[in-house]
Amino acid sequence: MKTLNSAILLLTSFAVPVFANVVVSSPSNGETVGASVHYVAKATTTDCSRGVASMGVYVDSDLVYVVDGTTLDTTLSVNTGKHNTVVEEWDYCGGATFMNLEITSANSPGVHVTSPANGSDVSTPANYVATATTSCSKGVASMGIYANNKLVYVTDGARLNTQLPLGDGAQHTVIEEWDNCGGASYTPVNVTVQGAGKVLSDLQSSGGWTSYGEFAPEYNVCSSNCAGLDWSMSQHHESPSLSGNATKFSIGGSKPYSDVLWTNPVMGQYSTQNLPDTDHKLLPTLHNFTYDAYFYVTNESVTQVLEFDVSMYMDGTGMIWGNQCNNLGGKEWDIWDNVAGKWVSSGVGCELINNGWNHVTIHMQRESDNTLLYQSISLNGVTANINRKFPPFNVPGNWWGVTLNYQMDGNSKQSANTTYLDNFTLTYW
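Residue numbering for the sequence shown follows our numbering, beginning at 14 and increasing consecutively.
1. Looking at the structure shown, is V315 part of a helix, part of a strand, or coil, going by DSSP?
2. If I follow the unbroken beta strand (DSSP E) through W275, where does it start and stop?
3. What's the C-alpha gap between D305 and Q420?
4. Could you give the distance in angstroms between the alpha-carbon of S250 and the alpha-carbon of S256?
5. Quick check on the DSSP output: what are the complete beta strand (DSSP E) runs of length 3 or more inside the segment 103-158, in order along the chain?
6. Pick out whichever of M377, V357, G394, V395 has its Cα sitting closest to the Cα of Y387.
7. For the structure I just gave you, are there three or more beta carbon pairs, one from the segment 234-253 and one from the segment 387-401, closer than 8 Å?
8. Using CA atoms only, rank isn't needed, just tell me which of N120, E320, Y326 is closest to V273.
9. Helix or strand or just coil, what does DSSP make of S218?
10. For the segment 35-47 against the segment 118-125, are there 3 or more C-beta pairs whose distance is under 8 Å?
11. Measure the CB-CB distance between V100 and V70 and report whether it falls below 8 Å.
12. Below 8 Å, can you find three or more Cβ-Cβ pairs linking the segment 138-149 to the segment 169-183?
13. For A240, report the span of its beta strand (DSSP E) as first-last.
14. Just confirm the distance between the C-beta atoms of W370 and Y326, as a whole number of angstroms; I'd bet it's less than 8 Å.
15. Any contact of the segment 90-110 with the segment 62-81, i.e. 3+ C-beta pairs under 8 Å?
16. Rounded to whole angstroms, what is the Cα-Cα separation between T311 and T88?
17. Consult DSSP for P297 and reduce its assignment to one of helix, strand or coil.
18. Who pairs with Q451 in a beta bridge, going by DSSP?
19. For I21, count neighbouring C-beta atoms within 10 Å of its own C-beta (all shown protein chains included) and say buried if the count is 16 or more, exposed if not.
20. With a threshold of 16 other CB atoms inside 10 Å of the CB of D422, please say whether the residue is buried or exposed.
21. Determine the closest residue to M156 out of N162, G182, V187, A130, with distance taken between C-alpha atoms.
22. Could you tell me if K261 is buried or exposed, where buried requires 16 or more neighbouring beta carbons within 10 angstroms of its beta carbon?
23. Under a Cβ-count criterion, where at least 16 other Cβ atoms within 10 Å of its own Cβ denotes burial, should N400 be classed as buried or exposed?
24. Beta carbon of N277, beta carbon of W222: below 8 Å?
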């Protein structure tokens, strides 16, 4: 296990500088909207010591709105048609950063689908993005998705953005909106699902989990009798739980900013899922992974970082798709640069539900030359496309396998903290 541990534990929770960045939660790039567009954005930490001065919105190169401070929340009227818009921040040192957003304003009520395209080929889970407009003066109440005549997803409001699991082959889906006047409209979306993959389920209740402590600031590894760092893991909890079989994870202690990594070797050597791949015929065929889990946050105010990783090792090559919700460090998703050995901001916001269940879905891909592609992250029904690539790294020894990681990071006081995992699956193909 020495080779496994040394490779996995490269992925620790180092703090890195985060420069000014604009995170937009509404609208989505490529979204179809009504005549009024709700813009919600924030500017995260900047390297300017004096901070962010103001934020604004451009529509087709015209500055149409400005507000002081680091947050922006406004509704703007736009003409029918396509528009190039920009959300920008300006700091007190003369710097600025921005995010481009292309939107389309529709002049007729209905369901406007951005993704997937009707008649397209998709993988699963498929990313469904749509908005609804209505002539009802009270607005849209909710939206939902039918798959093969069964209602499988519902969300409040006039925007829908979710990852939807679908079976192989042709699938007839419908996106529908219901307004507050008793009316409804819908748009059919027929897709063909390819490469649905195989699924490892209920991984939170699986055997084979191993844990390690990591001490700040060098993040030295400790496996037992770790003075200043406490942790525990207990399985088969009925409450809080979605399935009746959740797993509880707790950390605490006295050494600030120390972390605990829980890891499970699901494929290859020491496989806990009966997938030893001793003939090395499985791993070389795998190019896609989807990490999907529900996690319960009991105290968001002391939750420094939560980390969700897939690692793959073969032929002396290491590939770690590291994804962390940097909650107290800017509320952003960070991704792991294997070669540089550091976290990189994705520019995507990460807003946790406190004292409740959160749902994360992360899509990752190994390209033909072993380049790591971070495809997308979905949190609580909102999906962001990452599309960032990083090279792999060399691994000493002959470790061969796929591992899953879940990590909790301690805050500045190493406050006692507890989270739960449930309905944890890995899809691979």
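Glycine included, C-beta positions come from ideal geometry on N, C-alpha and C.
In brief:
1. Correct three-state label for V315: helix.
2. Its beta strand (DSSP E) spans residues 272-281.
3. Whole-angstrom Cα-Cα distance: 15 Å.
4. First, the residue type needs correcting, since residue 250 is His and not Ser in the sequence shown. Each residue's CA atom was taken as its position, placing H250 and S256 some 9 Å apart.
5. Counting only runs of 3 or more, we get 109-118, 123-128, 139-146.
6. In this structure, M377 is the residue among M377, V357, G394, V395 with its C-alpha nearest to the C-alpha of Y387.
7. Put simply, the segment 234-253 does not touch the segment 387-401. Fewer than three CB pairs are less than 8 Å apart.
8. If we check each option's Cα against that of V273, E320 comes out closest.
9. Reduced to three states, the DSSP call for S218 is helix.
10. By the criterion of at least three beta-carbon pairs nearer than 8 Å, the segment 35-47 is in contact with the segment 118-125.
11. Yes, the pair counts as a contact, with Cβ atoms nearer than the cut-off.
12. Judged by Cβ distances under 8 Å, the segment 138-149 makes contact with the segment 169-183, as three or more pairs qualify.
13. Here A240 belongs to no beta strand (DSSP E), and DSSP marks it neither H nor E.
14. Not confirmed; about 32 Å, so no contact.
15. Proximity of the segment 90-110 to the segment 62-81 meets the contact definition, three or more beta-carbon pairs being nearer than 8 Å.
16. In a straight line, the C-alpha of T311 is about 33 Å away from that of T88.
17. Looking at P297 - three-state DSSP - the assignment turns out to be helix.
18. The structure shown does not extend to residue 451, since the chain is modelled only from 14 to 442, so the question has no answer here.
19. Residue placement at I21 cannot be trusted, given a pLDDT of 43 that sits under 50; what the coordinates show is reported in the next sentence. That one is buried.
20. Classification of D422: buried, given that the 10 Å Cβ count is 16 or more.
21. For the residues N162, G182, V187, A130, the minimum Cα distance to M156 belongs to V187.
22. Buried.
23. Looking at its Cβ environment, which holds fewer than 16 other Cβ atoms inside 10 Å, N400 is exposed.
24. Contact flag set, yes.
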